[in-house]
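The opening residue of the sequence shown carries number 4 in my numbering; numbering runs sequentially from there. Just so it is clear, CB atoms sit at the ideal spot from N, CA and C, and this is done for glycine as well.
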Amino acid sequence: MRNLTLLTDLYQLTMGQGYFNENKHEQLAVFDVFFRPNRLITYSVAAGMEQVVEYLENLHFDEGDLAYLRSLGCFSEDFLAYLAKLRFTGDVVSVHEGELVFPYEPILTVTAPMVQAQLVETAILTIVNHQTLIASKSAKIVDAAGGGVMEFGLRRAQGADAGVYGARAAMIGGCVGTSNVYAGKLFGVPVSGTMAHSWVMNFPSELEAFRAYARSFPDNCLLLVDTYDTLRSGVPNAIQVFNELREAGYEPKGIRLDSGDLAYLSKQARKMLDAAGFPRAIICASGDLDEYSIASLKEQGAKIDSWGVGTKLITSADLPALGGVYKLAAVFENGKEIPKIKLSDTTEKITNPGVKELYRLYDPETDKAIADYITLGSECVDDRQPLELFHPVDTWRRMTVEKFRVRKLREKIVEKGKRVHGPVPVGELSAYFRAEKARFWEEYTRRDMPHIYKVDLSPALHALKTELVQRKGGAE
Numbered sequence: 004m005r006n007l008t009l010l011t012d013l014y015q016l017t018m019g020q021g022y023f024n025e026n027k028h029e030q031l032a033v034f035d036v037f038f039r040p041n042r043l044i045t046y047s048v049a050a051g052m053e054q055v056v057e058y059l060e061n062l063h064f065d066e067g068d069l070a071y072l073r074s075l076g077c078f079s080e081d082f083l084a085y086l087a088k089l090r091f092t093g094d095v096v097s098v099h100e101g102e103l104v105f106p107y108e109p110i111l112t113v114t115a116p117m118v119q120a121q122l123v124e125t126a127i128l129t130i131v132n133h134q135t136l137i138a139s140k141s142a143k144i145v146d147a148a149g150g151g152v153m154e155f156g157l158r159r160a161q162g163a164d165a166g167v168y169g170a171r172a173a174m175i176g177g178c179v180g181t182s183n184v185y186a187g188k189l190f191g192v193p194v195s196g197t198m199a200h201s202w203v204m205n206f207p208s209e210l211e212a213f214r215a216y217a218r219s220f221p222d223n224c225l226l227l228v229d230t231y232d233t234l235r236s237g238v239p240n241a242i243q244v245f246n247e248l249r250e251a252g253y254e255p256k257g258i259r260l261d262s263g264d265l266a267y268l269s270k271q272a273r274k275m276l277d278a279a280g281f282p283r284a285i286i287c288a289s290g291d292l293d294e295y296s297i298a299s300l301k302e303q304g305a306k307i308d309s310w311g312v313g314t315k316l317i318t319s320a321d322l323p324a325l326g327g328v329y330k331l332a333a334v335f336e337n338g339k340e341i342p343k344i345k346l347s348d349t350t351e352k353i354t355n356p357g358v359k360e361l362y363r364l365y366d367p368e369t370d371k372a373i374a375d376y377i378t379l380g381s382e383c384v385d386d387r388q389p390l391e392l393f394h395p396v397d398t399w400r401r402m403t404v405e406k407f408r409v410r411k412l413r414e415k416i417v418e419k420g421k422r423v424h425g426p427v428p429v430g431e432l433s434a435y436f437r438a439e440k441a442r443f444w445e446e447y448t449r450r451d452m453p454h455i456y457k458v459d460l461s462p463a464l465h466a467l468k469t470e471l472v473q474r475k476g477g478a479e
């Protein structure tokens, strides 16, 4: 396992030196990870928590790290000696990977001595921001396609790690396979892929290329038919090879289209395959697809059974950054919690203070989500009593929920520096996401003009926030 301890911004370490000098380095601190609204975010799919756990368990400065820090001339020898013994000893609570999450919700909270909690900020954000972003994009593409999406993005990812962990996130978001062999091995997920245009170009003719491939993979023959002319040569040559396969006792898998008018070509190819006696041969499409182009193709009646999606998935092309943040929520002095708040002239950037908990309310008759509810950590939600919900900014917007079931969304994943449970297989995380998404009305998760899902604060948390805004705002 790689040592990623120096995967941080310098200011985390310079603050650490300052905290050390001020004897505040062991002060217990609480930091929340959350993201703010964006016009493209309807919901997000939490991912990356397993890699956060792996990172924290392996947190340590080796001799090479310390030598490099010493060479910067920023740090005292006594602070470097402190870092030499540093290990993560804190707690982390988090939503389940695959959980649907919304703006302002504390999807992950770190409670640890100040230097530790500050040091891990950057790595946690880069892990959770990236995987949550790609899992969310994957979910929306899969939703548009209705399933059958394969992740093909490794060669277009912003580096190897983005390709590998992006594939993991894409599978959590609902992809059924990846072309990424390393990710397949690492995470135990299905891999898929057949041939490139270079295979076809490397034989004297397209027909010979198809026959050669069929000889090597008679049980899984899927042919790329758009190298030269899709309808005049590609599909007819594929059909000829399919007939030869059938005579030899095999059934072909299908064809792939990678360019051109995919709606028209798929409809014509479907007619040709059906007329030739291959109604079960699938048509796979690839080529700069995303949820918008897939939705358009389906509206045009495209006859496409599966989708290979690369660039626009692995880079989340229309929203290249989630924008998750890591903010101080509280510190403890002599065992007493001191809530902290960040103010801003921009209302959306004012944080929610204190140690908090996150709940989801469900309608007991439909089992559909009603709202999410952020409370102080000391509060309990009683589902036997009616609950009044109100908008955290437009407080006049209120509703009373008479009957509901409540579920706490977060659990402890690290306790005193050690993982609480072992890794969960990616397939199980994907199944969890599908099950939880089914508990939301489509109006909240649809691609275009969705309803805004309610994320409300408890009266006690709202009162604390208001008090701190007035106190801190008045002081400044």
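*asked:* For the structure I just gave you, are there three or more beta carbon pairs, one from the segment 310–318 and one from the segment 94–110, closer than 8 Å?
replied: No: fewer than three Cβ pairs fall under 8 Å.
*Report the three-state DSSP secondary structure of P116 (helix, strand or coil).*
strand
_Cα-Cα separation between L62 and T92, rounded to whole angstroms_ = 10 Å
*Which residues mark the beginning and the end of the alpha helix (DSSP H) in which N175 is found?*
The identity of residue 175 in the sequence shown is Ile, whereas the question assumes Asn. First-last of the alpha helix (DSSP H) with I175: A163 to I175.
_Tell me the rounded alpha-carbon separation between L226 and I137._
Computed Cα separation, rounded: 29 Å.
*To which residues does DSSP link C287 through a beta bridge?*
R259 and S309
_Terminal residues of the alpha helix (DSSP H) in which F23 lies_ = L13 to N24
*E340 by DSSP, collapsed to three states: which one?*
Per DSSP, reduced to three states, the secondary structure at E340 is strand.
*Of the residues A284, R5 and E108, which one's Cα is nearest the Cα of R39?*
E108
_Give me the residue from V55, E405 and V472 with the minimum Cα distance to V423._
Taking each of V55, E405 and V472 in turn and checking the Cα distance to V423, the smallest one comes out for V55.
*Have a look at F23 and L9 and give me their C-alpha separation to the nearest angstrom.*
18 Å
*Same chain, Cβ closer than 6 Å to M275, neighbours up to 5 away in sequence not counted*: V238
*Determine the direct distance from the alpha carbon of I127 to that of T350, and round the result to whole angstroms.*
Those two C-alpha atoms are separated by around 25 Å.
*With 16 other Cβ atoms within 10 Å as the buried cut-off, status of T469*: By the Cβ neighbour-count rule, T469 is exposed, with fewer than 16 other Cβ atoms within 10 Å of its own.
_Helix, strand or coil at A478 [DSSP, three-state]_ = Residue placement at A478 is flagged as unreliable, the pLDDT there being 49, under the threshold of 50; the coordinate-derived value follows with that caveat. Annotated three-state conformation of A478 is helix, per DSSP.
_Please give me, in chain order, every unbroken run of the beta strand (DSSP E) with length at least 3 that falls completely inside the segment 49–137._
94–98 and 111–116
*Pull up the distance between the alpha-carbon of S79 and that of R90, whole angstroms please.*
19 Å
*Using the C-alpha atoms, what's the distance from R73 back to D81?*
11 Å
_Given L346 as reference, the closest of K339, M402 and T354 once Cα atoms are compared_ = Of the listed residues, the one whose Cα sits closest to L346 is T354.
*Could you pull out every residue in the same chain whose Cβ sits closer than 6 Å to the Cβ of A170, ignoring the five residues on either side in sequence?*
E154, T181, N183 and A186
*Hey, K440 and T448 are a contact pair by Cβ (cut 8 Å); roughly how many whole angstroms apart?*
Contact flag correct, Cβ pair sits at about 6 Å.
_Can you list, in chain order, the residues of its chain with a C-beta nearer than 7 Å to that of A148? Leave out the 5 residues immediately preceding and following it._
I297 and W310
*Have a look at V244, L460, R474 and V427 and flag the residue whose alpha-carbon is nearest the alpha-carbon of K343.*
R474
*How long is the line joining the alpha carbons of R5 and E431, rounded to whole angstroms?*
26 Å
_Chain-order list of residues whose beta-carbon lies under 7 Å from that of G263 (same chain, five-residue window excluded)_ = Closer than 7 Å at the Cβ level, and outside the excluded window around G263, lie D229 and T233.
*Exposed or buried, what is L471 when buried is set at 16 or more other beta-carbons lying within 10 Å of its beta-carbon?*
The C-beta of L471 has 16 or more other C-beta atoms within 10 Å across all chains shown, which makes the residue buried.
*To the nearest angstrom, how far is it from the Cα of P462 to the Cα of C77?*
45 Å
*Return the bridge partner residues of Y365 from the DSSP annotation.*
Partner(s): A372 and R408.
*Quick one: what's got a C-beta closer than 6 Å to A50's C-beta in the same chain, skipping five residues either side?*
E100, Q134, T135, A138, A172 and I175
*Run of the beta strand (DSSP E) containing D321, from where it starts to where it stops*: No beta strand (DSSP E) contains D321, which DSSP labels as neither H nor E.
*How is D459 classed by DSSP in three states: helix, strand or coil?*
strand
*asked:* Can you tell me whether K359 is helix, strand or coil according to DSSP?
replied: strand
*Is there contact here, the segment 110–126 with the segment 30–47, by at least three beta-carbon pairs under 8 Å?*
yes
*Among all the DSSP beta bridges, which residues are the ones paired with T403?*
Here T403 is bridged, per DSSP, to E391.
*Three or more C-beta pairs below 8 Å linking the segment 281–296 and the segment 248–261*: yes
*Of the residues V417, N337, G425 and R410, which one's Cα is nearest the Cα of A372?*
R410
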